Amino acid sequence: MRYSIWYLIGLLILVYGVLILGAGIADLINPPAHPLVLAQLHMGIWWGAMMILLGAIYARVFRM
Amino acid sequence: MAIVAIYFVAVLGIGFYLKRQSGTGNDFFLAGREMTAWIAGLSFLSANLGALELMGWAAASYQYGILAVHWYWIGAIPAMLFLGLVMMPFYYISKTHSVPGYLKLRFGEPSRALSAVTFAFMTVLMSGINMYSMALVMKVVLGWDINFSIWVSSITVALYVALGGLRSAIFNEVLQFVLIWLGALLIPILGLIEAGGWGPLKQQIAVRMGTGTYTHLWSTLGSFSDNPMGIHWTGIVFGLSFVTSFGYWTTDFLVVQRILTAKDLRAAKMAPVIGAAFKIMVPFIVILPGLLALAVLPMKLTGEAAAVASNGYSYNEVLPLMLARYCGPGLLGLGVTALIAGFMSGMAGNVTAFSTVWTYDIYRALIKKNAPDSHYVGMGRWSTVVGVLVSIGTAYLVMGFLSIMDYVQALFSFFIAPLFGTVILGMLWKRATPMGGFWGLLCGTLSSVGMWAWVKIDPSALSIIALSPNAKDMAENMYRALWSWLVCVIVTVVVSLITKPLPENQLVGLVYGATELPSEGHLRLHQRPIFWAAIVALVLAILNIWLW
């Protein structure tokens, strides 16, 4: 049995997306004392969600 | 931290997973020659996106402005397309396993030995520099001890390459390519939002730097003193684009090795075209952050020595500083992983190329000729480990003598420009003889070293080598490459004309005019590599005119 590299990439992006979304939500609930530049955009949440979507599509399309 | 840890587990997992598929020399050194055009093309580009590339060019764009883009566009794309359309058929049809291997077939053993030894030497040196740069970033961004960083990352690369060979390196490079984009893309997006878009960014840079020259690609290149890089357009067009970039992208085995793994000739021709299409976009994540830093960072970055003296920040820290400006815990982890991925792909590229050239072009050619295939695979695995250990030694050497960093680009140019002269004449000119090839390569290399030494001993020689006393290091490298290429070509032509040519039947599969190239007439337009190459060339032209 041989997995496609695209499938493995999809899985990794999916896991990363979950972690980044989680960190973004944690920041939203407990904002840091010294917010970063453009922190009001909550990029962690958007980027994490985008990675979850991208990873899920890859893992689904390239599954054997 | 979890993101970085998962990344290390993933790359090692790929190495262990692919170990079963690297039993033969063809598997270990050429990934079984079964890669699709996409995988070979992305890996081809990823092997080039190493430490010096990511950190170095972001720093260069802060220092020199948008001129750094030339190293990505005119200084890369034409050469990549030329490799795919013109040179790849000869590399692929000749079934060579390496660039020195092609020289053996075309010009004989002495040319191969010369290019293999110089390449192996340069590769481990570059690998060490990569390693040191990576450890520096881990120290700056994560606060990791520099020794810990060097050993952890290099042992990881040694393990996954020694286990799975080139296939493992390529699969990891594709993974690293995706991570580099996902991690680095945030900086230009958020930076452009903060600056208010491209137009306001240009105005802010002009105000802060007191000149508008930082955002023009060509209009400031009419004179050496009109632009921040101190370079003339002839240096960019002839020295960088025609010689250095053609030399690097078409003859440096570090990148060419990835294309040799393609499953068929069409994939081998398409892979550099795919790589070129993505290469056009790389300035967005490497050069634009440097330009954005010029506009938005409150502090002024300086050279390494001045930064140490003033306890400030150096140009090399521009990418980590921009990352820390916009990215919180999760995204910062992804950004740092992107940098580490870039460093690892560069290091793995060096190590796999070294292992192949050492095993096939030095060990098998000069030390042990007739051993079984499994013996060479074992040697490939061991030379991977030894190559990494030597690179670690180089990294510590660089740490002790930082000025080595300044010399590496120059050292690299000693070998690449003349090698391009030898290979291109070998592929396109049937009359080139083995003696001509060898002496051209040797004289070209020695002339390059000689010119470099001349300027070191007598700085006034710069006005002769680089055509202007105002030329800076970058410009000197470009012109030296051009002259050494010319020396190589002239010597090769003269010696070839006075020595006996090879019979035509010995040139089949190696030289244009003696090789029947497969027709692409049966393919539909969108299946032909030349169609996509034309589109990439058109986009390149439009971008250059836009940013003129």
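In order, the protein sequences belong to chains V and G.
Mapped onto the numbering used here, the consecutive letters of the first sequence carry residue numbers 719 to 782.
Mapped onto the numbering used here, the consecutive letters of the second sequence carry residue numbers 407 to 954.
Glycine included, C-beta positions come from ideal geometry on N, C-alpha and C.
Quick caveat: nothing in here was measured; it's all calculated off a predicted structure.
Residue i at chain G interface by Cβ criterion, 8 Å
i: tyrosine 734 of chain V; result: yes
i: valine 779 of chain V; result: no
i: alanine 774 of chain V; result: no
i: alanine 751 of chain V; result: no
i: isoleucine 747 of chain V; result: no
i: alanine 741 of chain V; result: yes
i: isoleucine 738 of chain V; result: yes
i: isoleucine 770 of chain V; result: no
N- and C-terminal bounds of the alpha helix (DSSP H) containing residue i
i: tryptophan 891 of chain G; result: 879 to 904
i: isoleucine 611 of chain G; result: 604 to 615
i: isoleucine 691 of chain G; result: 689 to 702
i: cysteine 849 of chain G; result: 840 to 863
i: valine 510 of chain G; result: Contrary to the premise, residue 510 of chain G reads as lysine rather than valine in this sequence. 505 to 513 is the span of the alpha helix (DSSP H), which, as asked, contains lysine 510 of chain G.
i: histidine 476 of chain G; result: From DSSP, histidine 476 of chain G is part of no alpha helix (DSSP H); its letter is neither H nor E.
i: isoleucine 412 of chain G; result: 408 to 423
i: phenylalanine 435 of chain G; result: 431 to 436
i: histidine 781 of chain G; result: 779 to 806
i: phenylalanine 496 of chain G; result: 494 to 499
i: tryptophan 835 of chain G; result: That residue, tryptophan 835 of chain G, is in no alpha helix (DSSP H); it is neither H nor E in DSSP.
i: glycine 778 of chain V; result: Here the sequence assigns arginine to residue 778 of chain V, which means glycine is not the residue at that position. Its alpha helix (DSSP H) spans residues 761 to 779.
i: alanine 943 of chain G; result: 935 to 952
i: alanine 443 of chain G; result: 443 to 452
i: valine 714 of chain G; result: 710 to 716
Minimum Cβ-Cβ distance from residue i to chain V less than 8 Å
i: valine 530 of chain G; result: no
i: proline 584 of chain G; result: It should be pointed out that residue 584 of chain G corresponds to valine in this sequence rather than to proline. It does: the Cβ of valine 584 of chain G has a partner Cβ on chain V nearer than 8 Å.
i: isoleucine 420 of chain G; result: yes
i: histidine 732 of chain G; result: First, the residue type needs correcting, since residue 732 of chain G is tyrosine and not histidine in the sequence shown. Cβ-Cβ to chain V under 8 Å: yes for tyrosine 732 of chain G.
i: valine 580 of chain G; result: yes
i: phenylalanine 450 of chain G; result: no
i: glycine 603 of chain G; result: no
i: alanine 416 of chain G; result: yes
i: phenylalanine 937 of chain G; result: no
i: glycine 429 of chain G; result: no
i: glutamate 440 of chain G; result: no
i: glycine 571 of chain G; result: no
i: proline 735 of chain G; result: yes
i: phenylalanine 820 of chain G; result: no
i: glutamate 600 of chain G; result: yes
i: leucine 868 of chain G; result: no
Closest by C-alpha distance to residue i, when choosing among the options
i: proline 749 of chain V; options: G:Pro824, G:Ser797 and G:Gly734; result: G:Gly734
i: isoleucine 896 of chain G; options: G:Met528, G:Ala859, G:Asn911 and G:Gly827; result: G:Gly827
i: threonine 430 of chain G; options: G:Ser780, G:Gly645 and G:Ile941; result: G:Ser780
i: isoleucine 445 of chain G; options: G:Met461, G:Thr562, G:Ile665 and G:Gly514; result: G:Ile665
i: isoleucine 948 of chain G; options: G:Leu623, G:Leu542, G:Val417 and G:Leu572; result: G:Leu623
i: leucine 831 of chain G; options: G:Gly842, G:Arg731 and G:Phe821; result: G:Gly842
i: isoleucine 595 of chain G; options: G:Trp835, G:Ile686 and G:Phe690; result: G:Phe690
i: leucine 745 of chain G; options: G:Leu418, G:Met537 and G:Phe496; result: G:Met537
i: alanine 877 of chain G; options: G:Pro704, G:Tyr802 and G:Thr640; result: G:Thr640
i: alanine 861 of chain G; options: G:Leu852, G:Ser853 and G:Ile871; result: A small fix is needed here, since residue 861 of chain G is valine in this sequence, not alanine. The option with the nearest alpha carbon to valine 861 of chain G is G:Ile871.
i: alanine 939 of chain G; options: G:Pro824, G:Lys675, G:Gly605 and G:Ala771; result: G:Lys675
i: alanine 519 of chain G; options: G:His476, G:Leu847, G:Val901 and G:Gly645; result: G:Leu847
i: glutamate 910 of chain G; options: G:Leu923, G:Ile611, G:Lys836 and G:Met407; result: G:Lys836
i: tryptophan 587 of chain G; options: V:Ile743, V:Ala777 and V:Trp765; result: V:Trp765
i: isoleucine 693 of chain G; options: G:Trp952, G:Ala411, G:Val523 and G:Met461; result: G:Met461
i: alanine 771 of chain G; options: G:Ser504, G:Val567 and G:Ile593; result: G:Ser504
i: phenylalanine 527 of chain G; options: G:Tyr719, G:Val763 and G:Val899; result: G:Val763
i: glycine 618 of chain G; options: G:Leu929, G:Leu473, G:Pro907 and G:Met441; result: G:Leu473
i: alanine 701 of chain G; options: G:Ser874, G:Asn776, G:Pro778 and G:Ile599; result: G:Ile599
i: tryptophan 889 of chain G; options: G:Pro840, G:Leu946, G:Pro824 and G:Gly481; result: G:Pro824
Cβ-Cβ separation, residue j to residue i (assumed contact under 8 Å), whole Å
i: leucine 455 of chain G; j: serine 751 of chain G; result: 6 Å
i: serine 452 of chain G; j: phenylalanine 583 of chain G; result: 4 Å
i: alanine 959 of chain G; j: leucine 727 of chain G; result: The requested residue 959 of chain G does not occur in the structure, where chain G is confined to residues 407 to 954.
i: glycine 570 of chain G; j: lysine 669 of chain G; result: Glycine 570 of chain G to lysine 669 of chain G, Cβ: 18 Å. No contact.
i: alanine 465 of chain G; j: tyrosine 721 of chain G; result: 4 Å
i: serine 625 of chain G; j: tryptophan 954 of chain G; result: 6 Å
i: leucine 572 of chain G; j: phenylalanine 434 of chain G; result: 7 Å
i: leucine 759 of chain V; j: isoleucine 409 of chain G; result: Actually they are not in contact, since the Cβ atoms of leucine 759 of chain V and isoleucine 409 of chain G sit about 20 Å apart, beyond 8 Å.
i: methionine 635 of chain G; j: tyrosine 470 of chain G; result: 4 Å
i: valine 794 of chain G; j: alanine 564 of chain G; result: 4 Å
i: cysteine 894 of chain G; j: glycine 927 of chain G; result: Contact doesn't hold; Cβ gap of about 36 Å is too wide.
i: tyrosine 508 of chain G; j: valine 829 of chain G; result: 7 Å
i: serine 797 of chain G; j: glycine 514 of chain G; result: That pair is no contact at about 31 Å.
Residue i Cβ short of 7 Å to the ligand ATP heavy atom set
i: alanine 519 of chain G; result: As for the ligand ATP, it is missing from this structure, which has no ligand bound.
Can you check the stretch 637 to 688 of chain G for any alpha helix (DSSP H) of at least 4 residues that lies completely inside it and give the ranges in chain order?
652 to 657, 659 to 665 and 671 to 687
Any chance you could list the alpha helix (DSSP H) runs of at least 4 consecutive residues sitting entirely within the stretch 528 to 605 of chain G, in chain order?
552 to 590 and 592 to 601
Ignoring anything shorter than 4 residues or poking outside the stretch 720 to 784 of chain G, list the alpha helix (DSSP H) runs there in chain order.
724 to 732 and 735 to 762
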